[in-house]
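J.:
There are 2 protein chains.
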Amino acid sequence: MERTFSIGRLSTTTGCKVETIRYYESIGLLDEPERSEGNQRRYLKSHHERLLFILHARDLGMSIEAIRQLIVLSRDPEAPCDGADEIARQQLGSVRDKIQRLKLLEAELQRVVESCDGHRIGDCRVIEALAECGACHRDHRAPR
Amino acid sequence: MERTFSIGRLSTTTGCKVETIRYYESIGLLDEPERSEGNQRRYLKSHHERLLFILHARDLGMSIEAIRQLIVLSRDPEAPCDGADEIARQQLGSVRDKIQRLKLLEAELQRVVESCDGHRIGDCRVIEALAECGACHRDHRAPR
DNA sequence: GCTAATCCCTCTAGTAACTATAGGTTCAAG
DNA sequence: CTTGAACCTATAGTTACTAGAGGGATTAGC
Chain A
64 MERTFSIGRL
74 STTTGCKVET
84 IRYYESIGLL
94 DEPERSEGNQ
104 RRYLKSHHER
114 LLFILHARDL
124 GMSIEAIRQL
134 IVLSRDPEAP
144 CDGADEIARQ
154 QLGSVRDKIQ
164 RLKLLEAELQ
174 RVVESCDGHR
184 IGDCRVIEAL
194 AECGACHRDH
204 RAPR
Chain B
64 MERTFSIGRL
74 STTTGCKVET
84 IRYYESIGLL
94 DEPERSEGNQ
104 RRYLKSHHER
114 LLFILHARDL
124 GMSIEAIRQL
134 IVLSRDPEAP
144 CDGADEIARQ
154 QLGSVRDKIQ
164 RLKLLEAELQ
174 RVVESCDGHR
184 IGDCRVIEAL
194 AECGACHRDH
204 RAPR
C-alpha cells in the first residue's frame, strides 16, 4: 500500500492553503482522495503531483477552465496535442497583450505622477490628470 | 436649470454600462442624482465628469478604494496633495511590478510552448513542462 | 491509557468589481 | 393614445478563492 498523507501535509508540501485544496476538490480539479476511518482526507503522491501542476498553471496565469481542459486532454495520450499547445499559446498571447497594455499605463501614470508639484490639492494636477482623457481609448463624448 | 439626461445617455456618452453606473452609485462613488416624476435618474454634467474620472482611474488599474480616497481628497482643495500623489505613485509601482512579473511568465510560457513538437499528447511536453517547477518560486517539496 | 493541543470536518457567507435576470413601471415617438 | 424601448428594484451569479462557526479526529506527551 502506498503511503498516504493528510491535507495539512499536502498543504505544507505544496504551499497551497488547506481551504484552497478543498476548493479544488469541490470544483473537480483534484480527485477525491480516500478517507481515514474518521473521515479525514488521505492523499497519495499522485494528488501531490496533480496539485503542483494546477499551482504552476495558475502561477502562469491560466484560468481554472483552461487547466480543466488540460487535465481532460492529458487523460488521453493518443489525442492530438494541438489542444494543449493551443491553450499554452493563447496564454502566451494574453500575457504579451497584458504587458503591452501595462506599458501604456506605466507611461500614463508617470505623466500623472509628474504633474504634481504643488503642495495643496488645489494646485495638484494628479486628480485633474486623471479626469482628462490622456491616452485613453474609451468611447466617450460630451452628453449631447 | 441645467439640462439633465437619463442613465442610458450617461451610459452611451461614457462607454460605461447602465448596471455599472447604478453599481457605482450603490457603493457611493457616484452621487445620487435627482429623479424624474416617474422615479428615473436625471444626471447633470457633473455626474458625467465624475464618472469619466472613475473610469479613467479604473482603466489605470486603480481599485475602487483608491478612487474613493481620491474623491474624498479632492473635496478639500486646501488639503496637502501628498495623499493624491502617493496613491498615484503606489499605482505606478504596482504596475511596474506587474510588468516585471509578466515578463518572467512570458519567458516561461515561451519555454512551455516551444517544448511541443510531437503530435500526440503522449509526446507533447506542454503538460509535462507545466508539471515541472521551471522558474517557479513556490515553496514545495516531496511529501515526506 | 488518558488528556490536551492540534488538526480536520462540513457548511455558510464574504471578498472585488461587476454582470445578469426577473418582474414590473415610465417615457417618448408616431 | 398606443406601443416598444428604456427604466426601475431586488436578487443572484460570476471568478477564485478566503474566513468563520461549531463541531469531531488524531497524535504527542506524560
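So the protein sequences, as listed, match chains A and B. Residue numbering for the first sequence follows this note's numbering, starting at 64 and increasing by one per position. Residue numbering for the second sequence follows this note's numbering, starting at 64 and increasing by one per position. Note that CB positions come from ideal geometry on N, CA and C, so glycine has one too. Since the structure is predicted, the reported quantities are computational estimates derived from the model, not experimental observations.
Which residues, taken in chain order from the segment 150-163 of chain B, show a beta carbon closer than 7 Å to some beta carbon of chain A?
T.: Cβ contacts with chain A come from Ala151, Arg152, Gln154, Leu155, Val158, Arg159, Lys161 and Ile162.
J.: Since Asp145 (chain B) is in the alpha helix (DSSP H), which residue starts that stretch and which ends it?
T.: The residue given as residue 145 (chain B) occupies position 82 in the second sequence. Start and end: Asp145 to Glu177.
J.: With DSSP run on the structure shown, which of helix, strand or coil describes Glu128 (chain B)?
T.: Here residue 128 (chain B) is taken as the residue at index 65 of the second sequence, counted from 1. Helix, per DSSP.
J.: Residues of chain B with CB closer than 8 Å to the CB of Val176 (chain A), please, in chain order.
T.: Looking up residue 176 (chain A) in the first sequence gives position 113. Those within 8 Å of Val176 (chain A) in chain B are Asp148, Ala151, Arg152 and Leu155.
J.: Taking all protein chains shown into account, decide if Arg66 (chain B) is buried (16 or more other Cβ within 10 angstroms of its Cβ) or exposed.
T.: Looking up residue 66 (chain B) in the second sequence gives position 3. Label assigned to Arg66 (chain B): exposed.
J.: Using a Cβ-Cβ cut-off of less than 8 Å, give me the residues of the segment 107-127 of chain A that come near chain B, in sequence order.
T.: Against chain B - using a Cβ distance shorter than 8 Å - the residues of the segment 107-127 of chain A are Lys108, His111, Glu112, Leu115, Phe116, Leu118, His119, Ala120, Asp122, Leu123 and Gly124.
J.: Just to make sure I have the definition right: I need the residues of chain A whose C-beta is within less than 9 Å of the C-beta of Leu165 (chain B). Which are they?
T.: Position 102 of the second sequence, counted from the first residue, corresponds to residue 165 (chain B). Here the neighbours are Gly124, Val158, Arg159, Lys161, Ile162 and Leu165.
J.: Does any residue of chain B bring its CB to less than 8 Å from the CB of Thr77 (chain A)?
T.: Stepping through the first sequence from its first residue, residue 77 (chain A) is reached at position 14. Closer than 8 Å: yes.
J.: Please work out which residues of its chain come closer than 7 Å, Cβ to Cβ, to Ser74 (chain A), disregarding the five sequence neighbours upstream and downstream, and give them in chain order.
T.: Counted from its first residue, the first sequence places residue 74 (chain A) at position 11. Excluding positions up to five away in sequence, the list reads Lys80, Val81 and Ile84.
J.: For the segment 85-97 of chain A, list every residue whose C-beta sits within 9 Å of some C-beta in chain B, in sequence order.
T.: Within the segment 85-97 of chain A, no residue has a Cβ that lies closer than 9 Å to any Cβ of chain B.
J.: So Gln173 (chain B) and Leu155 (chain A) are in contact, right, with Cβ under 8 Å, and what is the actual spacing, rounded?
T.: For the purposes of this step, residue 173 (chain B) is taken as the residue at position 110 of the second sequence. For the purposes of this step, residue 155 (chain A) is taken as the residue at position 92 of the first sequence. Right, the Cβ-Cβ distance comes to about 6 Å (below 8 Å), so this counts as a contact.
J.: Just verifying my parser: in three-state terms, what is the DSSP assignment at Glu97 (chain A)?
T.: Translated into the one-based positions of the first sequence, residue 97 (chain A) becomes position 34. Glu97 (chain A) falls in the strand class under three-state DSSP.
J.: Nearest by alpha-carbon distance to Tyr106 (chain B): which of B:Leu118, B:Leu93, B:Gly146 and B:Glu141 is it?
T.: As a working note, residue 106 (chain B) is residue 43 in the second sequence. Per the Cα distances, B:Leu93.
J.: Tell me the rounded alpha-carbon separation between Glu169 (chain B) and Ser89 (chain A).
T.: Within the second sequence, numbered from 1, the residue matching residue 169 (chain B) stands at position 106. Within the first sequence, numbered from 1, the residue matching residue 89 (chain A) stands at position 26. Their backbone Cα atoms lie some 30 Å apart in a straight line.
J.: Mind checking Ser137 (chain B): buried by the 16 CB within 10 Å criterion, or exposed?
T.: Counting from 1 along the second sequence, the entry for residue 137 (chain B) is found at position 74. Result: buried.
J.: In the DSSP assignment, find the unbroken alpha helix (DSSP H) run with Phe68 (chain A) in it and report its ends.
T.: Here residue 68 (chain A) refers to the residue found at position 5 when the first sequence is read from its first residue. Counting along the chain, Phe68 (chain A) falls outside any alpha helix (DSSP H), and DSSP gives it neither H nor E.
J.: Along chain B, in chain order, which residues have C-beta atoms closer than 8 Å to that of Ala194 (chain A)?
T.: Within the first sequence, the letter at position 131 stands for residue 194 (chain A). Per Cβ cutoff of 8 Å: Glu112, Leu115, Phe116 and His119.
J.: What residues from chain B crowd round Gln103 (chain A), counting only those whose CB sits closer than 7 Å?
T.: On the first sequence, position 40 is the one that residue 103 (chain A) refers to. Near Gln103 (chain A) there are no residues of chain B at all, since even the closest Cβ is about 15 Å away, more than 7 Å.
J.: Leaving out five residues before and five after Gly91 (chain A) in sequence, what residues of the same chain have Cβ atoms less than 8 Å from its Cβ?
T.: Reading the first sequence from its first residue, position 28 is the one you call residue 91 (chain A). Cβ within range, chain order: Arg131.
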